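This report concerns only the one structure given below.
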Amino acid sequence: MYTRRYRRARRRREQRAFLQRILVGVSVICILIVCAAVTLKTKKETQRVEARSALMQASAVMQKAQMVQEPNKEAGSKQQEKQIEESQKAERSGDETEEVIIIDPGHGGMDGGCVFDDILEKDINRMIAAQVVVKLRKLGYQAELAREGDEYIDKMERVESANAKNALLYVSIHQNSCEDQSVEGIETWYDGSDQTRDSGRLAQLIQQATVQETGAKGRELVSEEELCVISKSRMPSCLIETGFLSNRKERGKLATKEYREQIADGIVKGIVLYLTSDGDFCEEGTERI
Ligand SMILES: [Zn+2]
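Residue 4 is where the sequence shown starts when you use the numbering used here, and the numbers rise one by one after that.
Okay, structure coming up:
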């Protein structure tokens, strides 16, 4: 009896102890879960705070950068305004001092000039004229093209524009053609009826210098009153035919950059001689007709 009661009491004690252990275990697990949750929350909060502070730092840096950029921007726009003002002033003074030399690449756009073997006169003219302008500018002269790209501008419009600018000189560049395909060489045209413009001397110097630079055959210097660009312009002017596209050999040379460069050198040399000397380049060789 005693033994049974004792056993029952011991079983109850054991059951209580077991329950207590479970309770303790559950409590420990709960505490661990709560701790983990708290740790996680704290970590997230820390990250949020860190992110917020990084954001604030970044925006402070950006503000500072903007503050640095603003005056630069202002200085840049002021500089730009100054440049525009200076270029306008230069343009105005160019008009007043009559310094600009107009180089006219003949034809353009729908007007191709003469064409042989898919070589268009307007293209050769433009390439030579562009080289002339670059070389003149390198020497310190003001020079402009009568047409910049491949566009059609009426001859009279080109001349009127040069007259409006009070241009210093007007030089038109063309290529020649002839039914007789053996004909070759350089010829230059001017308006000899107007003695006040000294166009004959300009034409002669350009013709002689270009013949000398290229080794091409020097043909005539022709006085002609009917050519619009040389007769309607109010400044010394001439029109140079730098070669015959109808001549196979000369056409081949005109298609090369080197030869066009030689032509451009000759034209520039003639212009510089005209502007810096009173006399003719050479007494013999080409006669004005
Ligand atoms: Zn032409």
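Note that beta-carbon positions come from the ideal geometry of N, C-alpha and C, so glycine has one too.
Quantities reported herein were computed from a predicted structural model and do not represent experimental measurements.
Alpha carbon of residue i to alpha carbon of residue j, nearest angstrom
| i | j | result |
| --- | --- | --- |
| alanine 57 | leucine 22 | Bear in mind that a pLDDT of 43 at alanine 57, under 50, signals an unreliable position, so the number given afterwards is only what the model happens to contain. Each residue's Cα considered, the two are about 52 Å apart. |
| arginine 16 | arginine 10 | 10 Å |
| valine 135 | leucine 230 | 22 Å |
| glutamate 151 | glutamine 184 | 31 Å |
| glycine 188 | alanine 133 | 21 Å |
| cysteine 181 | glycine 246 | 11 Å |
| valine 118 | isoleucine 176 | 15 Å |
| lysine 260 | threonine 213 | 15 Å |
| glutamate 190 | glutamine 207 | 10 Å |
| glycine 221 | valine 275 | 20 Å |
| threonine 279 | leucine 142 | 13 Å |
| serine 30 | alanine 12 | 26 Å |
| glutamine 198 | glycine 112 | 34 Å |
| lysine 168 | serine 196 | 23 Å |
| arginine 14 | isoleucine 32 | 27 Å |
Of the residues the options, the one placed nearest residue i, counting alpha carbons only
| i | options | result |
| --- | --- | --- |
| valine 271 | Glu228, Glu160, Gln211 | Gln211 |
| alanine 219 | Lys256, Arg140, Cys117, Arg150 | Lys256 |
| aspartate 153 | Asn128, Trp192, Thr217 | Asn128 |
| isoleucine 209 | Ser236, Lys260, Ser196, Val174 | Val174 |
| valine 232 | Ile274, Tyr262, Lys158 | Lys158 |
| tryptophan 192 | His177, Leu224, Val275 | Leu224 |
| serine 164 | Leu26, Val275, Asp107, Arg19 | Asp107 |
| glycine 203 | His177, Asp281, Asn169 | Asp281 |
| arginine 161 | Arg222, Ser234, Thr199 | Ser234 |
| alanine 149 | Val275, Ala170, Gly28 | Ala170 |
| lysine 252 | Gln198, Val186, Arg222 | Val186 |
| asparagine 250 | Ala146, Asp120, Asp197 | Asp120 |
Chain-order list of residues whose beta-carbon lies under 8 Å from that of residue i (same chain, five-residue window excluded)
| i | result |
| --- | --- |
| isoleucine 122 | Leu248, Arg254, Leu257, Ala258 |
| arginine 263 | Ile127, Met130, Ile131, Gln134, Leu257 |
| isoleucine 34 | none |
| aspartate 114 | Lys125, Tyr155 |
| aspartate 194 | Arg200, Ser202, Ser226, Glu227, Glu228, Leu230, Ile233, Ser234, Ser240 |
| glycine 273 | Leu205, Leu208, Ile209, Gln210, Gln211, Ala212, Thr213, Phe284 |
| lysine 138 | Ala267, Asp268, Val271 |
| arginine 140 | Ala146 |
| valine 27 | none |
Neighbourhood of residue i by C-beta distance below 7 Å, restricted to the same chain and skipping five residues each side
| i | result |
| --- | --- |
| histidine 110 | Gly116, Glu124, Lys125, Asn128 |
| asparagine 166 | Ser236, Arg237 |
| glutamate 102 | Gln145, Leu171 |
Cβ distance (whole Å) where residue i is taken to contact residue j below 8 Å
| i | j | result |
| --- | --- | --- |
| glutamate 227 | asparagine 179 | The pair is not a contact, with the Cβ atoms about 14 Å apart (cut-off 8 Å). |
| isoleucine 104 | tyrosine 144 | 6 Å |
Close beta carbons around residue i, own chain, < 6 Å, minus the five adjacent residues each side
| i | result |
| --- | --- |
| glutamate 216 | Gln265, Asp268, Gly269 |
| leucine 205 | Pro239, Cys241, Tyr277 |
| arginine 19 | none |
**Message:** Threshold first: 3 residues or longer. Then list the beta strand (DSSP E) segments lying entirely within the segment 207-262, N to C.
**Reply:** 221-226, 240-247
**Asked** Could you give the uninterrupted runs of the alpha helix (DSSP H) lying entirely in the segment 100-170, keeping only those of 4 residues or more?
**Response** 124-141, 158-167
**Request:** Would you list the residues whose beta-carbon is nearer than 5 Å to any heavy atom of ligand 3, in the order they occur in the chain?
**Result:** In terms of ligand content, the structure shown lacks ligand 3 and carries ligand 1 instead.
**Message:** Could you tell me which whole beta strand (DSSP E) segments of length 3 or greater appear in the segment 181-207?
**Reply:** 189-193
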